[in-house]
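Below is one structure, written out as structure tokens, with a few remarks after it.
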Amino acid sequence: MTPSTAPHVPPAPGARPATRVVLPYHLRALAQVGGEVVVTGSTQREVVDALEARYPALRGTIRDPVTGRRRAFVRVFACREDLSHDSPDDPLPEPVLRGQEPLLVVGAMAGG
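The structure is reproduced here in structure tokens:
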């Protein structure tokens, strides 16, 4: 069963939800993971905190380590919506919290 077809078991009351996260290739390589990762967190800040705690090589890649602000070249998407400019403390969309949709971290493309 793949993560997208696995049945979802809701978290126990008071438990932090398990959030599926898809990282871009270069961040997966830094973290030495092959695909989707699962961390606890119900906001962007909690998810990035959990990613950086589990994969220390990611510290400073998604957000500035001094200011804590998302790096300009990184975007965050969920449910076909760009969440990049939402407050990092806003709750993630319900389908993400229920494990039905992943949180996508995307490296911006630039150039010409």
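Numbering-wise (our numbering), the sequence shown opens with residue 93 and increments by one. Glycine included, C-beta positions come from ideal geometry on N, C-alpha and C. Nothing here was measured: the structure is a model prediction, and the numbers come from that model.
CA-CA distance, Gln136 and Gly160?
For the purposes of this step, residue 136 is taken as the residue at position 44 of the sequence shown. For the purposes of this step, residue 160 is taken as the residue at position 68 of the sequence shown. When rounded, the distance between both Cα atoms is 12 Å.
If Arg162 and Arg155 are in contact, beta carbons under 8 Å, what's the gap, nearest whole angstrom?
For the purposes of this step, residue 162 is taken as residue 70 along the sequence shown, with counting starting at 1. For the purposes of this step, residue 155 is taken as residue 63 along the sequence shown, with counting starting at 1. About 5 Å; that satisfies the 8 Å criterion.
DSSP has Glu186 in a bridge; who is on the other side?
As a working mapping, residue 186 is identified with position 94 in the sequence shown. Glu186 pairs with nothing; no bridge assigned.
Taking the alpha helix (DSSP H) that Ala110 belongs to, which residues open and close that run?
As a first step, residue 110 is located in the sequence shown; it is residue number 18 there, counting from the start. Run containing Ala110: none in the alpha helix (DSSP H); it sits in the beta strand (DSSP E), 110–114.
For Phe169 versus Val131, is the C-beta spacing smaller than 9 Å?
Your numbering for residue 169 matches position 77 in the sequence shown. Your numbering for residue 131 matches position 39 in the sequence shown. No; because the gap between Cβ atoms is not below 9 Å, this pair is not in contact.
Looking only at its chain, what residues have a beta carbon closer than 7 Å to the beta carbon of Glu144, apart from the 5 residues adjacent to it on each side?
Indexing the sequence shown from 1 puts residue 144 at position 52. Hits under 7 Å: Leu150, Arg151.
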